[in-house]
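Student:
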Amino acid sequence: MMRRNSMKRRLVLRSMLLGAVLVLCRSFAFSASAADLAQPGLAERVARCLDPDPQVAALGVGYLEAVRQEASVAHLLERIGERWPSGVSGLACLSARSLRRALADIALRDFARVDVVRVDGWVLARSEARLYALAHLVRQV
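The sequence shown begins at 16 in my numbering and counts up one residue at a time.
1. I'd like to confirm the pairing. Which residues does DSSP put opposite residue 99 in its beta bridges?
2. If we call anything under 8 Å between Cβ atoms a contact, is residue 56 one with residue 151?
3. Excluding the five sequence neighbours on either side, which residues of its own chain have a C-beta within less than 6 Å of the C-beta of residue 172, listed in chain order?
4. Could you give the C-beta distance for residue 143 and residue 130, rounded to a whole number, given that I count them as a contact under 8 Å?
5. Pick helix, strand or coil for residue 109, following the three-state DSSP scheme.
6. Check residue 139 in the structure and name its three-state DSSP category.
7. Would residue 148 and residue 91 qualify as a contact pair, given that the criterion is a beta-carbon distance under 8 Å?
8. Rounded C-beta distance between residue 121 and residue 94? I'm assuming under 8 Å.
9. Which stretch, first to last residue, makes up the beta strand (DSSP E) that contains residue 132?
10. Comparing the CB of residue 79 with every heavy atom of the ligand ZN, is any distance shorter than 7 Å?
11. Using a Cβ-Cβ cut-off of 6 Å (strictly less than) and excluding sequence neighbours within five positions of residue 79, which residues of its own chain qualify?
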């Protein structure tokens, strides 16, 4: 009986802690401004999640040539963050492994909505193309 109560207590405490962390991440998402979104740390973390293959970089360049108004790190982060429930600040709270999963999930959702773009003969999820463009801009510096 005692063991069962302590397990329930731990479960409740863990749930409360997780809830507090999610609320905190969510509140930061609402207070993010364009200047906050240009954090080089987050952009570099996102770029590290992607393959440094030259073909990936070429797809990023191709996307930027087609959509010149998106050629800024802050703008691309903001657009990518709009696709995540807790926004860019929520993405910033994630571990490297979770960030990779989140970025893949964002691209899959774009495919499910048929929000795709053609770049150099490839059909890419719009967020995927933005990720490649972001990685190109970050690695260019």
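For each residue, glycine too, the CB sits at the ideal point set by N, CA and C.
Tutor: Put simply:
1. Here residue 99 is taken as the residue at index 84 of the sequence shown, counted from 1. According to DSSP, residue 99 bridges with nothing at all.
2. Translated into the one-based positions of the sequence shown, residue 56 becomes position 41. Translated into the one-based positions of the sequence shown, residue 151 becomes position 136. No, these two residues do not count as a Cβ contact at 8 Å.
3. This structure cannot settle anything about residue 172, because the visible part of the chain is limited to 16 through 156.
4. Counted from its first residue, the sequence shown places residue 143 at position 128. Counted from its first residue, the sequence shown places residue 130 at position 115. The pair is not a contact, with the Cβ atoms about 10 Å apart (cut-off 8 Å).
5. Locating residue 109 in the sequence shown gives position 94, counting from the first residue. In this structure, residue 109 counts as coil in the three-state DSSP scheme.
6. Taking the sequence shown and counting its residues from 1, one reaches residue 139 at position 124. Note: residue 139 maps to strand in three-state DSSP.
7. Within the sequence shown, numbered from 1, the residue matching residue 148 stands at position 133. Within the sequence shown, numbered from 1, the residue matching residue 91 stands at position 76. Yes, the pair counts as a contact, with Cβ atoms nearer than the cut-off.
8. Taking the first residue of the sequence shown as position 1, residue 121 is located at position 106. Taking the first residue of the sequence shown as position 1, residue 94 is located at position 79. Not quite, the Cβ-Cβ distance comes to about 10 Å (not below 8 Å), so this is no contact.
9. Position 117 of the sequence shown, counting from 1, holds the residue named residue 132. Counting along the chain, the beta strand (DSSP E) containing residue 132 begins and ends at 131-134.
10. Ligands are entirely absent from the displayed structure, and the ligand ZN is therefore not among its contents.
11. On the sequence shown, residue 79 is found 64 positions in, with the first residue counted as 1. The residues are 86 and 148.
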